[in-house]
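A short worksheet on the structure shown next.
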């Protein structure tokens with residue numbers, strides 16, 4: 042039994058279509074995974090979940106301040122507050138390299154002390170997230186930006202990436 046010319050001639054075209062679909066799905070999947078990491082950070086802050094928060098930090102996190110310890114900082118913050126209500130919005134994600142994403146998002150955070158005093162902070166987060174693992178096991182972790190604005194990584198890919206300005210954070214008085 043012979044296969045028709047149409048089937049034989051279109052196998053490369055079908056293979057190309059499948060490969061393009063997989064690449065497109067991978068890009069969309071990366072964006073979804075970045076969003077999941079940032080949403081998990083929001084949930085960890087709101088639930089004051091130190092271990093959940095720390096699972097989102099890359100093991101090779103790049104510090105802006107040499108003395109910065111993310112675990113100690115978050116532990117101190119959670120101890121000082123009765124509640125945190127953090128809500129991010131206006132999220133912008135740019136993939137600067139296959140394994141590096143720049144995130145700029147605005148946020149509003151209401152902090153409540155044990156004696157019931159509240160403070161509202163509105164500002165801008167500016168992170169770099171790094172992809173760890175591959176394909177089905179890939180996850181995006183916060184690589185830079187918790188202790189200061191994320192900087193451009195060294196290398197030619199960083200120079201071609203568009204710069205995103207970071208507006209200054211503002212604080213409202215006690216409410």
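Numbering (this note's numbering), first residue to last: 42 to 216. Virtual Cβ for every residue (Gly too), placed ideally from N, Cα, C.
### Query
Roughly how many angstroms lie between the CA atoms of residue 112 and residue 119, to the nearest whole one?
Counting from 1 along the chain shown, the entry for residue 112 is found at position 71. Counting from 1 along the chain shown, the entry for residue 119 is found at position 78. Here the C-alpha atom of residue 112 lies approximately 11 Å from the C-alpha atom of residue 119.
### Task
Could you check what DSSP says for residue 160 in three-state terms: helix, strand or coil?
For the purposes of this step, residue 160 is taken as the residue at position 119 of the chain shown. Correct three-state label for residue 160: strand.
### Counted within 10 angstroms of its Cβ, other Cβ atoms place residue 73 as buried (16 or more) or exposed
For the purposes of this step, residue 73 is taken as the residue at position 32 of the chain shown. By the 16-neighbour rule on beta-carbons within 10 angstroms, residue 73 is exposed.
### Task
Give the DSSP bridge partners of residue 124, in chain order.
By one-based count along the chain shown, residue 124 stands at place 83. 153.
#### Entry: Where the alpha helix (DSSP H) through residue 92 begins and ends
In the chain shown, the residue the question calls residue 92 occupies position 51. Where residue 92 is concerned, the enclosing alpha helix (DSSP H) stretches over 91–95.
#### Entry: Collapsed DSSP secondary structure at residue 64 in the structure displayed
For the purposes of this step, residue 64 is identified with residue 23 of the chain shown, where counting begins at 1. With a pLDDT of 49 at residue 64, under the threshold of 50, the predicted position of this residue should be treated as unreliable, though the coordinate-derived value follows. Of the three classes helix, strand and coil, the one that applies to residue 64 here is helix, per DSSP.
### Query
Helix or strand or just coil, what does DSSP make of residue 112?
Along the chain shown, one-based indexing puts residue 112 at 71. DSSP, reduced to helix, strand and coil, places residue 112 within a helical segment of the structure shown.
### Query
Since residue 180 is in the beta strand (DSSP E), which residue starts that stretch and which ends it?
Residue 180 sits at position 139 when you count from the first residue of the chain shown. Per DSSP, residue 180 belongs to the beta strand (DSSP E) from 180–185.
### Message
My output table needs one value for residue 76: the three-state DSSP class, helix, strand or coil.
### Response
Within the chain shown, numbered from 1, the residue matching residue 76 stands at position 35. Secondary structure of residue 76 (DSSP, three-state): helix.
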